[in-house]
Every structure is written in C-alpha cells, then in structure tokens.
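Just so we're aligned, residue 700 is where the sequence shown starts under the working numbering, counting upward by one. Glycine included, each C-beta is placed from N, C-alpha and C at the ideal position.
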Amino acid sequence: MARFKYVAKDMSGKVHKGTVEAASENALTQQLREENLYLVEAKDLNGAKKHKKLKAKQLAAFCRELSTLLASGVTLVRALDIISEQEGMNKDERDIYKDVLQDLKRGISLSDAMESKECFPDLMIGMIRSGEGSGNLDLVTQRLSIQYEKDYKLTQQVKSAMTYPCILLVLCVVIVILIVTFILPQFQSLFDQMESLPMITNILIAVSNFLVQKWYIALLTVAVIVALIRIIVGIPAVRRGVDWMKVHMWGFGKLFKVVYTARFARTLSSLYSSGMPLVSAVGVAAKTIGNGYVESQFDEVITMVRGGVPLSQGLREVDGLLKKLSSTILVGEESGRLDVMLDSIAETLEADAEQATKRMVTLLEPILIIFMALIVGCIMIGVMLPIYQSYSAIENA
700 MARFKYVAKD
710 MSGKVHKGTV
720 EAASENALTQ
730 QLREENLYLV
740 EAKDLNGAKK
750 HKKLKAKQLA
760 AFCRELSTLL
770 ASGVTLVRAL
780 DIISEQEGMN
790 KDERDIYKDV
800 LQDLKRGISL
810 SDAMESKECF
820 PDLMIGMIRS
830 GEGSGNLDLV
840 TQRLSIQYEK
850 DYKLTQQVKS
860 AMTYPCILLV
870 LCVVIVILIV
880 TFILPQFQSL
890 FDQMESLPMI
900 TNILIAVSNF
910 LVQKWYIALL
920 TVAVIVALIR
930 IIVGIPAVRR
940 GVDWMKVHMW
950 GFGKLFKVVY
960 TARFARTLSS
970 LYSSGMPLVS
980 AVGVAAKTIG
990 NGYVESQFDE
1000 VITMVRGGVP
1010 LSQGLREVDG
1020 LLKKLSSTIL
1030 VGEESGRLDV
1040 MLDSIAETLE
1050 ADAEQATKRM
1060 VTLLEPILII
1070 FMALIVGCIM
1080 IGVMLPIYQS
1090 YSAIENA
C-alpha cells in the first residue's frame, strides 16, 4: 500500500490537501470521488523504486505459471510466492513479484497491486481485473500467456528478418572504413608524385586523411548526429510522422500493417472474451498496436462505437490497419461470434506476417549486396583510376 500526499478540489472549487494510503493513484482517485473530491495532484511519499517494464517473454512466462498454479487449486498468494522464488529471473523481476505478493498479503487485489508497480501493461491489468470480477482468473491468465507468447513470436520474427540485412550493412561500413583508413594511405606516396588526380580520388584522399588525423572529431560527429536523431524522433509530431511513414513506405508498409492488425485483433479478442465491454476493450487494444499514428485515429472510432455505429464500420476508416479486419469483424457482429472471428483473423495475419518477413529478407538481400558492391567498387575505381591513367600516359610518351 502506497502513501500519497494529494491535492484535490470539491464541486465548489475549494482546495483540499491531505495524506492517505491507497493501492495506486487510480485507487486514490476512486477513493476521493466517493468523498465528492476530484484529484488534482498526487505524490507517492514512499518513493517506491521504479521498476523496468516487463517484456512480452517475461509476461508470457508469468501468466503461464500463474494460470497453471491457479488451475491446480493453489491460492493466489501461494502462487505468487512460488513464482517469486523460481530460478532463471533477474533481480528486478523477482523484486516486482515480491512487491505484488506483499500487496496481496495486505488485502489489495492483484490488478491494483500490479497497477501500482507501473511495469505491467494496461492490457494485462484490464483483463486480470475482469477475471477477478468473473472468478475466471485462471482462464484469463491462460489467455494472456497465449497473447504474450504470440506477441513475442511476432516481434522476434521481424527482428530475425532484420538481423541479416543489418549484418550486411555493418559489414559494408567496416569494409569501407578499413579500405579508406588502412589501404588507401599505402598509395599516398604514389599519388603525391602525380600532377593531377581524378575527383573521386581526391574525395577519397580527403576522407582518408580526415579519418586518420581527426578520428575523434568523426566519432564526436557521429555521436552528436545519433543524439540529435533520438531527440528529434522523440518530438511527438515527428514521431507521428515516422509512424505514418511506416505504414506507407514501399515494400515495408504492408508488413507493418499486417503486424499491427494481427496485434490489435489478438488483443481485442482476448479483452472481449474476458468480459470487458467492447468500447473499453477497443481503447485498451488500440494502445498495444505500437504505432502512434494508427492509435491516434481510435478516438474517433471509440466515439462512433459509443454512438451506436458498428465497430466494423468505424475500423474501415482507420489508416494503417488492413481492410480485411473490418470485413471479418462484420461477419462476427452478424453471427454473434466476434471473439472467434477475431481469433481467426489474428491467426491468419500472424502467418501472413511470417511469410511477409521472409519475402522482405529475400528482397533486401540482393539490394544490400548490390549496394555493397557499388560502394566498394567506387572506392576501388578511385584507387586504381589514377594508376591506370599514369601508366597510359607513360605508354603514350
């Protein structure tokens, strides 16, 4: 239980200050509303340690183990105690589970305890809260384990697909640096004896001299550029522009759309089948897509659904999701089997994503090899061209 110092206002605008214990800031908000007060500001006086966000692989393992233990008749407190004592996890992860266990022993619900740690995703908290209300916590955690295992597998497929192209790109950079800094200087004395050099050779010599003599400036420049890119990309408007490019870029846009649609469909199916209202489920599922541009369009979708418009019609207008999703949801709405249809399209799209990543690698490999050949070829031309010209001049003389 955390201890909060808060500032709140009543309906007349009068300010109220105080200190109170609550499971989380959301729990504090609800507690104050029961007293007709509205939270303005809250500060955690416990100064609780900030934990890192748990990754999909960790969440999948946690949910799978918790589901198995609960289905076996083990109490929730005992289940968390067993999980927190298992081997194969880092200290931070173990501390998270022990903190949750302590909150459970104080009488706090699992969902509130997890929410207060700020390292569990909203999807997981929402589904567990629904499971607590329905008494099906073991089934909900089992579904969550499948959800995060699928999410982890999908992410790993994309990462694996990008590994080989990245290795080729790094190899190309290393080869260029080695040629320019070690091989090219060996020809410097020969080039100095020549009256004139081709432009490409002069450029290579200038780059070589800079990297050899001013290497620290080159490293500093690269560091500054990387830092600037991270700062610029962190600006919300720029980030949204980058996210827009992801779903519209040639070759890769379709892959991103498949991944985003599969993730949204899988999450929405899990939330809806766990008993969460459709509007709330859509809001939570939208936050798991992983693209700010696509997520920003869901405010209008939620407004439409609240107004009585079918979800299938609202999703038709979302740029960044496949149109196949709205068609499948329409069938689910008409048949009354929305969760089944969402699961079905998620399975199909996850298979499509796997095939799309393989096609992407097949496309990228020859492009990168040709790019490497062009770069290395240009450098070799820059080195050999003046030598060839000097021999030609000697023969003509």
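Annotation for His715: the continuous beta strand (DSSP E) segment containing it runs Val714 to Ala721. Rounded to the nearest angstrom, the gap between the Cα atoms of Thr854 and Val1082 is 43 Å. One thing to note: Glu720 has its Cβ within 8 Å of the Cβ of Arg702. If the five residues before and after Leu1014 are omitted, its C-beta is found closer than 8 Å to the C-beta atoms of Val1000, Leu1020, Leu1024, Ser1025 and Ile1028, all from its own chain and listed in chain order. In the three-state DSSP reduction, Leu954 falls in the helix class (H, G or I).
Taking 8 Å as the cut-off, the beta carbon of Arg1005 is found no closer than this to the beta carbon of Val983. Taking all protein chains in view, the Cβ of Val925 is surrounded by fewer than 16 other Cβ atoms within 10 Å, so the residue is classified as exposed. For Gln887, the enclosing alpha helix (DSSP H) begins and ends at Gln887 to Asp891.
Going by DSSP, Gln757 is part of the alpha helix (DSSP H) stretching over Ala755 to Ala770. The Cβ atoms of Ile827 and Ser810 lie closer than 8 Å to each other.
DSSP places Phe703 in the strand class (E or B) of the three-state scheme.
Leu1029 sits in a helix when the DSSP states are folded into three classes. Residue state for Glu740 is assigned as strand, using DSSP reduced to three classes. Residue state for Lys708 is assigned as strand, using DSSP reduced to three classes. Here Thr862 is not near Ser766, since their CB atoms are 8 Å or more apart. In terms of Cα proximity to Met1040, the closest of Ser968, Asp998 and Ala980 is Ser968. Ranking Gly825, Ala770, Ala905 and Leu753 by CA distance to the CA of Asp791 puts Leu753 first.
In this structure, Ala964 sits near Ala1045, with a CB-CB distance shorter than 8 Å. Per DSSP, Asp798 has no beta-bridge partner at all. For Asp998, the enclosing alpha helix (DSSP H) stretches over residues Phe997 to Arg1005. For Val1008, there is no enclosing alpha helix (DSSP H), as DSSP marks it with neither H nor E. Boundaries of the alpha helix (DSSP H) harbouring Asp821: Asp821 to Ser833, taken from the DSSP string. Proximity to Ser1091 across Ala760, Gln856, Asp821 and Met893 peaks at Met893, based on C-alpha coordinates. In the pairwise beta carbon analysis, the region 823-838 is classified as not touching the region 934-948: fewer than three pairs are separated by under 8 Å. Boundaries of the alpha helix (DSSP H) around Cys871: Leu836 to Leu877. Distance from the Cα of Val932 is smallest, within the candidate group Leu889, Ala707, Asp850 and Gly991, for Gly991.
By alpha-carbon distance to Leu838, the top candidate from Gln1088, Met1071 and Leu970 is Leu970. In this structure, the CA atom of Val706 is about 13 Å from the CA atom of Gln730. Bounds of the alpha helix (DSSP H) holding Asp780 are Leu775 to Ser783. Here Ala1052 is near Gln856, since their CB atoms are less than 8 Å apart. For Leu903, the enclosing alpha helix (DSSP H) covers residues Met898 to Gln912. The C-beta distance from Leu954 to Met1059 rounds to 6 Å, short enough to meet the 8 Å contact threshold. For Leu1020, the secondary structure class from DSSP, reduced to helix, strand or coil, is strand. Scanning Lys797, Arg805, Ala1055 and Gln846 for the CA closest to the CA of Ala755 turns up Gln846. With a beta-carbon spacing of about 6 Å, Leu775 and Leu803 fall inside the 8 Å limit used to define contacts. Following the DSSP letters along the chain, one finds Arg732 inside the alpha helix (DSSP H) bounded by residues Glu724 to Arg732.
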